[in-house]
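Student: At the far end of the sequence shown sits residue 92, using numbering that gives the first Met the number 0, and the numbering has no gaps. The structure follows.
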Amino acid sequence: MNDEKNELVEKPEETDKENTDENESNNGLILGMCLGLSVGSMIGIMREDMALFTAMGLGIGLCIGAAIDALNRKKKSRSTNSDDDKATDKEEE
0 MNDEKNELVE
10 KPEETDKENT
20 DENESNNGLI
30 LGMCLGLSVG
40 SMIGIMREDM
50 ALFTAMGLGI
60 GLCIGAAIDA
70 LNRKKKSRST
80 NSDDDKATDK
90 EEE
């Protein structure tokens, strides 16, 4: 009976961690969109073609944001793999 209660308590913590990872991965997209939209709007104001440059800035920002997210995921996976390798090396000794 106590084992079942412990399992129920541990599961929400794991899902919270997964949700945090998903939120962190979207930060690059949000940042890219905001920067692209602002830069595109500024260029659109100067060139007197807001619609075109706002859309272009948003598209370019999304691409840059996706690249930032990919780099962050790659860094996290490398650090996780290196931590796992260190743990297995210590166990082997």
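Every residue gets a Cβ at the ideal spot worked out from N, C-alpha and C, and that includes glycine. Note that this is a predicted model, so its numbers are computed, not measured.
1) I think Gly35 touches Leu70, with their Cβ atoms under 8 Å apart; what is that distance to the nearest whole Å?
2) To the nearest angstrom, how far is it from the Cα of Asn25 to the Cα of Glu47?
3) Which residue's Cα is closest to the Cα of Met32: Ser81, Ser76, Ile63, Met45?
4) With DSSP run on the structure shown, which of helix, strand or coil describes Asn71?
5) Identify the continuous alpha helix (DSSP H) that holds Asn26 and give its terminal residues.
6) Could you say which of Ser81, Met49, Gly56 lies nearest to Leu30 if we only look at CA atoms?
Tutor: Reading off the structure:
1) In fact, because the Cβ distance is near 17 Å, the residues do not count as touching under 8 Å.
2) 32 Å
3) Ile63
4) helix
5) 26–46
6) Gly56
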